[in-house]
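14 is the number that numbering that gives the first Met the number 0 gives to position 15 of the sequence shown; each next residue is one higher, with no gaps.
In this text, a Cβ means the ideal position worked out from N, Cα and C, and glycines have one as well.
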Amino acid sequence: MAVVRQPCSCEVGHASVWTGLDHRGPVAVKVPDAEQPSRRGERNRPVVERMMDKAEAIIAGLGGADNIVEIEPCITRLRTVVRDGSKVSDAALKAAGAHGVMKAGTVVQVVVGPEADTLCMDIEDLL
Numbered sequence: 000m001a002v003v004r005q006p007c008s009c010e011v012g013h014a015s016v017w018t019g020l021d022h023r024g025p026v027a028v029k030v031p032d033a034e035q036p037s038r039r040g041e042r043n044r045p046v047v048e049r050m051m052d053k054a055e056a057i058i059a060g061l062g063g064a065d066n067i068v069e070i071e072p073c074i075t076r077l078r079t080v081v082r083d084g085s086k087v088s089d090a091a092l093k094a095a096g097a098h099g100v101m102k103a104g105t106v107v108q109v110v111v112g113p114e115a116d117t118l119c120m121d122i123e124d125l126l
């Protein structure tokens with residue numbers, strides 16, 4: 000199937016997309032501009048700021064900087080060793096964006112997705 004993309008002649012910020020199956024004409028797709036708020040209600044802040052906020056929230060969810068002994072990334076997870084496992088808050092970690100948390104004593108794995116490497120570096124910078 001061929002897809003033909005053409006700029007729209009209007010000034011609203013649309014783009015026309017035609018496919019081989021579309022015989023009625025182009026479909027207008029609104030392209031968000033930089034000033035449009037995101038789905039979460041916050042303005043489009045630089046990615047670096049959002050990642051640092053997430054790193055700070057994960058540190059808090061792990062019981063604070065003093066509770067973290069070791070942290071390393073593993074593809075989609077942050078593998079951590081903490082001093083006191085009871086200080087780790089699953090709810091706080093999930094609120095920070097974690098997809099899941101696995102705990103076994105003082106070993107905690109926080110599932111964060113493919114951004115694990117970047118988050119780990121940010122957390123190490125904050126520690």
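Checklist entry - From what residue to what residue does the alpha helix (DSSP H) around I122 run? => result Stepping through the sequence shown from its first residue, residue 122 is reached at position 123. Following the DSSP letters along the chain, one finds I122 inside the alpha helix (DSSP H) bounded by residues A115 to L125.
Next on the checklist: Checking 8 Å against the spacing of the C-beta atoms, do A64 and A91 come in under that value?
Outcome noted: Mapped onto the sequence shown, residue 64 falls at position 65. Mapped onto the sequence shown, residue 91 falls at position 92. Not a contact, by the Cβ cut-off of 8 Å.
Next on the checklist: For P72, which residues in the same chain have their Cβ closer than 7 Å to its Cβ, ignoring the five residues on either side in sequence?
Outcome noted: As a first step, residue 72 is located in the sequence shown; it is residue number 73 there, counting from the start. The beta carbon of P72 lies closer than 7 Å to those of A115, D116 and C119 in the same chain, with the five residues before and after it left out.
Next on the checklist: Within 10 Å of its beta-carbon, does I122 have 16 or more other beta-carbons around it, so buried, or fewer, so exposed?
Outcome noted: Within the sequence shown, residue 122 is the residue found at index 123, counting from 1. Flag for I122 reads buried.
Next on the checklist: Assuming L77 is part of the beta strand (DSSP E), what are its boundary residues?
Outcome noted: Locating residue 77 in the sequence shown gives position 78, counting from the first residue. Looking at the DSSP string, the run of the beta strand (DSSP E) that includes L77 is R76 to V81.
Checklist entry - beta strand (DSSP E) containing K86: first to last residue? => result Numbered from 1 along the sequence shown, position 87 holds the residue referred to as residue 86. Taken as a continuous stretch (DSSP letters only), K86 belongs to no beta strand (DSSP E), as it is neither H nor E.
Item to check | Whole-angstrom distance between G99 and T105, CA atom to CA atom | outcome: Here residue 105 refers to the residue found at position 106 of the sequence shown. Here residue 99 refers to the residue found at position 100 of the sequence shown. Answer to the nearest angstrom: the Cα atoms are 16 Å apart.
Item to check | Cutoff 6 Å; reference G96; Cβ partners in own chain excluding five residues on either side | outcome: Within the sequence shown, residue 96 is the residue found at index 97, counting from 1. Excluding positions up to five away in sequence, the list reads K53.
Item to check | Contact test: G63 Cβ vs the ligand NAP heavy atom, cutoff 7 Å | outcome: Among the components modelled here there is no ligand, and therefore nothing to report on the ligand NAP.
Next on the checklist: Along the chain, where does the beta strand (DSSP E) containing A103 start, and where does it finish?
Outcome noted: Here the question's residue 103 lines up with position 104 in the sequence shown. Its beta strand (DSSP E) spans residues G99 to A103.
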